[in-house]
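Notes follow the structure.
Numbering (mature numbering (1 follows the signal peptide of the UniProt record, and there is no 0)), first residue to last: -20 to -1, 1 to 80.
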């Protein structure tokens, strides 16, 4: 009980108005506003990636990673190589199917 009362007394002294008035206030000089030159970015044409195209890429990525992992006997490098090949095949299959 004595410890709690001592703690409350010290906390009360630390938060007293006299203590706050005794603290020095630090002022910083105003920082001038900086203007940045404007940058004009050319308009980018809308991409033609549809939900079907995304699905073809996802299926190609998954199938390629599985096939690469199986054919090259596992490993992250085999899955990455197969995934890249699967993305290429999925994109090719979608663009060929789109022209038909």
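Every residue, glycine too, gets a C-beta built ideally from N, C-alpha and C. A quick note: this is a predicted structure, and the numbers were derived from the prediction, not measured.
Using C-beta distances below 6 Å, list every residue in its chain close to residue i, excluding the 5 sequence neighbours before and after it, in chain order.
{"i": "residue 33", "result": "74"}
Applying the 10 Å Cβ sphere with the 16-neighbour rule, what's the burial state of residue i?
{"i": "residue 37", "result": "buried"}
{"i": "residue -12", "result": "exposed"}
Would you report the Cα separation of residue i and residue j, rounded to the nearest angstrom?
{"i": "residue 14", "j": "residue 53", "result": "58 Å"}
{"i": "residue 17", "j": "residue 45", "result": "46 Å"}
{"i": "residue -20", "j": "residue 6", "result": "39 Å"}
{"i": "residue 72", "j": "residue 12", "result": "55 Å"}
{"i": "residue -16", "j": "residue 10", "result": "45 Å"}
{"i": "residue 26", "j": "residue 8", "result": "48 Å"}
{"i": "residue 23", "j": "residue 76", "result": "28 Å"}
{"i": "residue 20", "j": "residue -9", "result": "58 Å"}
Between which residues of its own chain and residue i is the CB-CB distance below 8 Å, once the five residues before and five after are set aside?
{"i": "residue 51", "result": "58 and 62"}
Less than 8 Å between the beta carbons of residue i and residue j, yes or no?
{"i": "residue 40", "j": "residue 70", "result": "yes"}
{"i": "residue 43", "j": "residue 66", "result": "yes"}
Got a sec, what are the start and stop residues for the alpha helix (DSSP H) residue i sits in?
{"i": "residue 45", "result": "31 to 51"}
Report yes or no: is there a C-beta of chain D within less than 8 Å of the C-beta of residue i?
{"i": "residue 57", "result": "The structure shown has no chain D; it contains just one protein chain."}
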